[in-house]
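Note that my numbering has the sequence shown beginning at 647, numbered continuously upward. For every residue, glycine included, the Cβ atom is placed at its ideal position computed from N, Cα and C. Below is one structure, written out as structure tokens; the observations come after it.
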Amino acid sequence: MHRPREDREENLETPFTIRRCAPNDASIVAPLAARLFVQAYGATHPEPELGHYVARTFPEEGFREWLADPTQAVFIALDSNSRGIGYAYVRPSTGNTPAGVSGTTVFELMRMYVDANHHGLGVAAALMEAGIANARANGADTLWLAVWQNAARPIAFYSRFGFHIVGTTTFKWGDGFDDDFIMSRSI
647 MHRPREDREE NLETPFTIRR CAPNDASIVA PLAARLFVQA YGATHPEPEL
697 GHYVARTFPE EGFREWLADP TQAVFIALDS NSRGIGYAYV RPSTGNTPAG
747 VSGTTVFELM RMYVDANHHG LGVAAALMEA GIANARANGA DTLWLAVWQN
797 AARPIAFYSR FGFHIVGTTT FKWGDGFDDD FIMSRSI
């Protein structure tokens, strides 16, 4: 169990746990991932493309494959009632390492989202620590991620964890593209 943190506004303790997902967790983490993506981007990315993207990107079968691959790790944050409140997905950066990212063994933080009701409670930090530890345990010396350039809060969070902007990329979003930063750090 991760140590509880105090909510700054309500002074309530919010205990949560972080654990690595197994293949049979696909039915839990896939809908969580879809829900949190919509929560993060629903206001800025219109339907019907949002729904199409979510359906293509977060199928249960896809998560089952990722979770069965020992080189990839998905960590889930669960509240005291065992409800999913966040997740992080870390994988080797084989064949997809962008320009500007250097290292001998490179891992990617592919996705990390926390339910907005749990922001500021240490959930994201605990997920990040789990992802970094996993990459380090697998011999990685570098961890990178892509983040939407308009996402100020995540960019600030990643910066606090030692990530630096090393380049840019585009993210295909339905018929359009978003501009992303590439952020990287040594581990």
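For T814, the enclosing beta strand (DSSP E) has its first and last residue at H810 to W819.
Taking the Cα positions, R757 is about 6 Å away from A734. Rounded to whole angstroms, the separation of the alpha carbons of G688 and F823 is 16 Å.
Comparing alpha carbon positions, the residue from I801, N670 and T816 closest to W712 is N670. Here the C-alpha atom of F704 lies approximately 9 Å from the C-alpha atom of L678. Going by DSSP, S832 is part of the beta strand (DSSP E) stretching over G822 to S832. Counting of Cβ neighbours within 10 angstroms places T788 among the buried residues, the total reaching 16 or more.
Take the alpha-carbon of A719 and the one of L791: they are about 15 Å apart. A distance below 8 Å between beta-carbons, with the five flanking residues on each side excluded, links A714 to the following residues of its chain, in chain order: P669. A direct Cα-to-Cα measurement between L696 and A676 gives close to 16 Å.
For R729, there is no enclosing alpha helix (DSSP H), as DSSP gives it neither H nor E.
Taking C-alpha positions only, A802 is separated from E706 by approximately 31 Å.
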